[in-house]
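K.L.:
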Amino acid sequence: MKNLITYLTLIVLLMFSTCIEVQAQKQWTQKPVSQWKQIALINNVKFQNSKYNNSYAGSAFLLNTGKGVVAVTAKHVLLLAKSKQMNSVHFRGTLKAWAFHPKGDSTRPILAKRLINADINEPLDPAKLMNKDCIVFSLQSTPKHIQALKLRERPIQPNETVYVIGCPYADKNCIQNVYKGTFVRKQGVNLLVRLENTSLNLGGMSGGAVIDRNGDVVGVVSRMLRDAQTKEVLLALVSTDYLKKVLKQYKKL
756 MKNLITYLTL IVLLMFSTCI EVQAQKQWTQ KPVSQWKQIA LINNVKFQNS
806 KYNNSYAGSA FLLNTGKGVV AVTAKHVLLL AKSKQMNSVH FRGTLKAWAF
856 HPKGDSTRPI LAKRLINADI NEPLDPAKLM NKDCIVFSLQ STPKHIQALK
906 LRERPIQPNE TVYVIGCPYA DKNCIQNVYK GTFVRKQGVN LLVRLENTSL
956 NLGGMSGGAV IDRNGDVVGV VSRMLRDAQT KEVLLALVST DYLKKVLKQY
1006 KKL
């Protein structure tokens, strides 16, 4: 009987602590965007041959996997940040450093350790890259000054509110822009989102996080895509399906 009471007490405490954690997570997304911690990062890439350097190759974010923190960005960023020798999702020894930092503040760069889903046999083919449009980096150290997000486990439903986080090239003063939108539907590997402001120039947002009302990641900014049903051009996120597969393999290493 005593063991049963102890067991039930532990269950109640676990449920209570989980509720507190979820509530705390909800609280930060309910604050004004100006009070959110820094999430948006940019990719600052340096090669052994500096002529291929790119100090601003799209957006990125940190992800808490439950066993550590990794950095995520769009795979097609490799079309912008590549050396002459690169013809696949592999640096071929040409990378000097891949750093992540808020736009305009490189004083505390977050340095990549290695590209987790590198694949020397996966060609840098733009059409094919879009089907698995995210890359994941392990980090040399875990930063404390940037908020790491968590993945949403359950599928997103039509008409749910989402927030797109990143920095477009067009906004020279951007530190962290957040755009509100509505999830429309899934189309292939992509999640289609209708933004409240349809006149935005989103170049440079590729690789940025898209979160739900609870702050959980539902997708990664990929491109603009025409809705096959309505013919409307919408923001297309790559779903987290491929990202989850990469992380699953990473945990086995």
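All residue numbers for the sequence shown refer to our numbering, where the first residue is 756 and numbers rise by one.
Positions of the beta carbon are idealized from the N, C-alpha and C atoms, including for glycine.
Taking buried to mean at least 16 other C-beta atoms within 10 Å of its own C-beta, is A779 buried or exposed?
P.N.:
Taking the first residue of the sequence shown as position 1, residue 779 is located at position 24. The predicted model places A779 with a pLDDT of 46, which falls under 50 and marks its position as unreliable, so this point remains unresolved.
K.L.:
Give the straight-line distance between the Cα atoms of L955 and K839, rounded to the nearest whole angstrom.
P.N.:
Mapped onto the sequence shown, residue 955 falls at position 200. Mapped onto the sequence shown, residue 839 falls at position 84. Whole-angstrom Cα-Cα distance: 33 Å.
K.L.:
Could you check the C-alpha separation between E776 and N969 for me, to the nearest Å?
P.N.:
As a position in the sequence shown, residue 776 is number 21, starting the count at 1. As a position in the sequence shown, residue 969 is number 214, starting the count at 1. Below a pLDDT of 50, predicted positions are generally treated as unreliable, and E776, at 43, falls in that range; the measurement from the model is reported next regardless. Those two C-alpha atoms are separated by around 11 Å.
K.L.:
Kindly give me the distance between the Cβ atoms of R940 and P898, rounded to whole angstroms, as I take these residues to be in contact under 8 Å.
P.N.:
To locate residue 940, count along the sequence shown from 1; it is residue 185. To locate residue 898, count along the sequence shown from 1; it is residue 143. That pair is no contact at about 35 Å.
K.L.:
For I901 and L796, which I take to be in contact (beta-carbon distance under 8 Å), what is that distance rounded to the nearest angstrom?
P.N.:
Here residue 901 refers to the residue found at position 146 when the sequence shown is read from its first residue. Here residue 796 refers to the residue found at position 41 when the sequence shown is read from its first residue. I901 to L796, Cβ: 7 Å. Contact.
K.L.:
So, is N804 buried or exposed, given that buried needs 16 or more other C-beta atoms within 10 angstroms?
P.N.:
Within the sequence shown, the letter at position 49 stands for residue 804. Exposed is the call here.
K.L.:
Assuming A812 contacts V844 (C-beta within less than 8 Å), just tell me the rounded distance between them.
P.N.:
Against the sequence shown, residue 812 aligns to sequence position 57. Against the sequence shown, residue 844 aligns to sequence position 89. The pair is not a contact, with the Cβ atoms about 15 Å apart (cut-off 8 Å).
K.L.:
Would M979 be called buried (16 or more neighbouring beta carbons within 10 Å of its own) or exposed?
P.N.:
Translated into the one-based positions of the sequence shown, residue 979 becomes position 224. Exposed, since its Cβ has fewer than 16 Cβ neighbours within 10 Å.
K.L.:
Please name the residue in K1006, G974, G943 whose C-alpha comes closest to that of A983.
P.N.:
Locating residue 983 in the sequence shown gives position 228, counting from the first residue. Of the candidates K1006, G974, G943, the one whose C-alpha sits nearest the C-alpha of A983 is G943.
K.L.:
In chain order, what residues of the same chain lie with their CB nearer than 8 Å to the CB of K837, ignoring the 5 residues before and after it?
P.N.:
In the sequence shown, counting from the first residue as 1, residue 837 sits at position 82. For K837, where only same-chain residues beyond five positions count, the Cβ hits under 8 Å are Y807, L879.
K.L.:
Determine the closest residue to L834 out of G936, P857, I890, with distance taken between C-alpha atoms.
P.N.:
As a working mapping, residue 834 is identified with position 79 in the sequence shown. Out of G936, P857, I890, I890 has the C-alpha closest to the C-alpha of L834.
K.L.:
Using DSSP with H/G/I as helix, E/B as strand and the rest coil, what is S893?
P.N.:
Against the sequence shown, residue 893 aligns to sequence position 138. Here S893 sits in strand by DSSP.
K.L.:
Sort S961, L1002, G963, N945 by Cα distance to V981 and report the nearest one.
P.N.:
Position 226 of the sequence shown, counting from 1, holds the residue named residue 981. This sequence places Arg at residue 981; Val is not what is there. Taking only the C-alpha atoms, the option nearest R981 is N945.
K.L.:
Are there 16 or more other CB atoms within 10 angstroms of the CB of N952, so buried, or fewer, so exposed?
P.N.:
Mapped onto the sequence shown, residue 952 falls at position 197. By the 10 Å Cβ count, N952 comes out exposed.
K.L.:
If you draw a straight line from the alpha carbon of K868 to that of L989, how long is it in whole angstroms?
P.N.:
Indexing the sequence shown from 1 puts residue 868 at position 113. Indexing the sequence shown from 1 puts residue 989 at position 234. Their Cα atoms are separated by approximately 34 Å.
K.L.:
For the structure I just gave you, are there three or more beta carbon pairs, one from the stretch 816-824 and one from the stretch 903-919, closer than 8 Å?
P.N.:
Because the criterion of three Cβ pairs below 8 Å is met, the stretch 816-824 and the stretch 903-919 touch.
K.L.:
Out of Q1004, L884, D996, T828, point me to the one whose CA is closest to V800's CA.
P.N.:
The residue given as residue 800 occupies position 45 in the sequence shown. V800 has its Cα closest to that of T828, out of Q1004, L884, D996, T828.
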